[in-house]
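Residue numbers (the working numbering), protein chains in the order written: chain A, 367 to 565; chain B, 72 to 409. From the three backbone atoms N, C-alpha and C, an ideal C-beta is built for every residue, glycine too. Report on one structure; see the data block that follows.
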């Protein structure tokens, strides 16, 4: 009989130990998962799903630095400009070209001074359509060199800052045009020309 | 595409008389020419496709184009052409029946025709055959040099202290012609000899019709430095991502063999010659042996079927000296590089 009692007490102790061990492991795992998830709602820290949009919002308010290409001394020169950050490539590209036309360094070039940006679209194939119009109601007057550098200032600014943009079509007043000032062919898509850039 | 074209041709030719327009005959609204190195395309723009007959003249020097049934009517003037394959098109009348005579040069080879619909056109392609025995060697023929003074009419180009670009460009072209005329190897043609508006395509058409071997477009810029440009063919629709034109007026499928030969692609066949011409002009204008032409996508050169370059001289430069330099560059190209 005493032998039976001893065995029963020993079995109960083993069971109690197993229960305590299980509770300890479960508690440890719970604490670990809780800490990985960023704490409880009571602590005041936002949950993971709330935190991501807030981070993006903060980044959108920061300006984006783009490289502008503008005519200078018979070549294209590089210069940086801070532009308002936009949520998509098309809007960002529009912002970059608007910044080019507004830039004092670029507006020294006759052909860029005489035009303004109407619209800019990017299609799924990576072609940016840049719709320009004369800033005053008169034709754009420029030499071949001025026209060439003005056109590639736009093309290089777009293709070098946005990898989604592979080529550029320039339109005038919403329509396909043969040239801007009588020389450079705008009837085809244009790709970047880095040989025109001052090293 | 070829199958479709063949089908259209077959249908138009085999259509029963009842299916054809009630009014018999063929009305030609206009005739257009397109000169390529290997062939000349004559396009008869017709009011409505109808059966036609094309036969060779007995002497083999012409093609007769007439309506199969009824009268042929021509509604516009015939443009001039002389491109080494076709030497002209005339409207003739015989026994009350009008027909068009396409006069062929000795170099003309086989001819083939087909019909395109919407708008209706009858297209005649005449290939360049082998030169007949006893023909004069090319070296003895004068080289046709076309000088193209830029701008004109309302488009004055840029304005400097010495006047408008259109006026200075014409002045320089006339001076270059004077210099080149001293050399009997050259026949010099100007796209304009007076104050006149011309489109870029008109200028190329004048050059192609004149059978030019050398084409030099003349422009001016502020300052004293001169530059030379040649056509940049790298963006000419060859890239995989490039958007092909939406379809030319002939309705060819974009990217097809025919598309590659339509108007505006002629310069592609002269890339090497234009590079050599551009280099010679740059060397003579800059007075430096290592001077090179700059490649640029130029709307005024792409339809020119000849070695072609564009010069931009400084408005402050002396016109006589610039003319000597340009003529010198042309002469050296003709002597050493052709």
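Would you mind telling me which residues of chain A sit closer than 8 Å to residue i, beta carbon to beta carbon, in chain order?
i, result
"residue 383 of chain B", "509, 510 and 511"
"residue 150 of chain B", "Those within 8 Å of residue 150 of chain B in chain A number zero; the least Cβ separation is about 21 Å."
"residue 274 of chain B", "Going along chain A, no residue has its Cβ under 8 Å from residue 274 of chain B, so there is no contact; the nearest lies around 11 Å."
"residue 292 of chain B", "509, 510, 511 and 512"
"residue 298 of chain B", "510 and 511"
Which of the three DSSP states, helix, strand or coil, is assigned to residue i?
i, result
"residue 375 of chain B", "coil"
"residue 510 of chain A", "helix"
"residue 465 of chain A", "helix"
"residue 389 of chain A", "helix"
"residue 125 of chain B", "strand"
"residue 187 of chain B", "strand"
"residue 335 of chain B", "coil"
"residue 393 of chain B", "helix"
"residue 212 of chain B", "coil"
"residue 456 of chain A", "helix"
"residue 544 of chain A", "coil"
"residue 149 of chain B", "coil"
"residue 565 of chain A", "coil"
"residue 144 of chain B", "strand"
"residue 164 of chain B", "strand"
"residue 318 of chain B", "Here the model assigns residue 318 of chain B a pLDDT of 38, short of 50, so the residue's position is not dependable, and the following value carries that caveat. Reduced to three states, the DSSP call for residue 318 of chain B is coil."
"residue 288 of chain B", "strand"
"residue 474 of chain A", "coil"
"residue 181 of chain B", "strand"
Do you know offhand how far residue i's Cα is from residue j's?
i, j, result
"residue 374 of chain B", "residue 554 of chain A", "14 Å"
"residue 344 of chain B", "residue 166 of chain B", "50 Å"
"residue 170 of chain B", "residue 234 of chain B", "51 Å"
"residue 315 of chain B", "residue 232 of chain B", "A caution first: residue 315 of chain B carries a pLDDT of 38, below 50, which makes its placement in the model too unreliable to give a value."
"residue 565 of chain A", "residue 263 of chain B", "41 Å"
"residue 173 of chain B", "residue 409 of chain B", "31 Å"
"residue 216 of chain B", "residue 267 of chain B", "20 Å"
"residue 482 of chain A", "residue 500 of chain A", "6 Å"
"residue 219 of chain B", "residue 100 of chain B", "30 Å"
"residue 255 of chain B", "residue 284 of chain B", "15 Å"
"residue 106 of chain B", "residue 229 of chain B", "33 Å"
"residue 377 of chain B", "residue 453 of chain A", "49 Å"
"residue 400 of chain B", "residue 361 of chain B", "14 Å"
"residue 520 of chain A", "residue 548 of chain A", "18 Å"
"residue 398 of chain A", "residue 384 of chain A", "21 Å"
Would you call the CB atoms of residue i and residue j closer than 8 Å?
i, j, result
"residue 243 of chain B", "residue 299 of chain B", "no"
"residue 197 of chain B", "residue 123 of chain B", "no"
"residue 471 of chain A", "residue 445 of chain A", "yes"
"residue 302 of chain B", "residue 379 of chain B", "yes"
"residue 469 of chain A", "residue 495 of chain A", "no"
"residue 497 of chain A", "residue 370 of chain B", "no"
"residue 182 of chain B", "residue 134 of chain B", "yes"
"residue 459 of chain A", "residue 531 of chain A", "yes"
"residue 368 of chain B", "residue 556 of chain A", "yes"
"residue 357 of chain B", "residue 297 of chain B", "yes"
"residue 157 of chain B", "residue 111 of chain B", "yes"
"residue 294 of chain B", "residue 363 of chain B", "no"
"residue 432 of chain A", "residue 465 of chain A", "yes"
"residue 382 of chain B", "residue 289 of chain B", "yes"
Just the chain A side, please: which residues come within less than 7 Å of residue i by C-beta, in chain order?
i, result
"residue 254 of chain B", "Going along chain A, no residue has its Cβ under 7 Å from residue 254 of chain B, so there is no contact; the nearest lies around 28 Å."
"residue 222 of chain B", "548"
Using only CA atoms, which one of the options lies nearest to residue i?
i, options, result
"residue 502 of chain A", "A:522, A:514 and A:477", "A:477"
"residue 164 of chain B", "B:136, B:176 and B:377", "B:136"
"residue 384 of chain B", "B:133, B:409, B:292 and B:301", "B:292"
"residue 463 of chain A", "A:539, A:506, A:562 and A:516", "A:516"
"residue 95 of chain B", "B:191, B:120 and B:110", "B:120"
"residue 456 of chain A", "A:482, A:490 and A:393", "A:490"
"residue 366 of chain B", "B:238, B:158, B:348 and B:281", "B:348"
"residue 118 of chain B", "B:398, B:362 and B:143", "B:143"
"residue 248 of chain B", "B:277, B:271, B:287 and B:226", "B:287"
"residue 558 of chain A", "A:389, A:427, A:382 and A:527", "A:527"
"residue 223 of chain B", "B:394, B:346 and B:240", "B:240"
Given that residue i touches chain B, what residues does it touch there, using C-beta distances under 7 Å?
i, result
"residue 498 of chain A", "Chain B residues near residue 498 of chain A: none, gap ~16 Å exceeds 7 Å."
"residue 479 of chain A", "Result: empty, since nearest Cβ-Cβ is about 13 Å, beyond 7 Å."
"residue 551 of chain A", "368, 369, 370 and 373"
Anything in chain E within Cβ reach of residue i, meaning under 8 Å, just list it in chain order.
i, result
"residue 228 of chain B", "Among the protein chains of the structure shown, namely A and B, there is no chain E."
In chain B, which residues lie with their C-beta within 8 Å of the C-beta of residue i?
i, result
"residue 544 of chain A", "271 and 370"
Compute every distance between the C-beta of residue i and the non-hydrogen atoms of the ligand COA, then say whether any falls below 7 Å.
i, result
"residue 296 of chain B", "With respect to the ligand COA, the structure offers nothing, as it holds no ligand at all."
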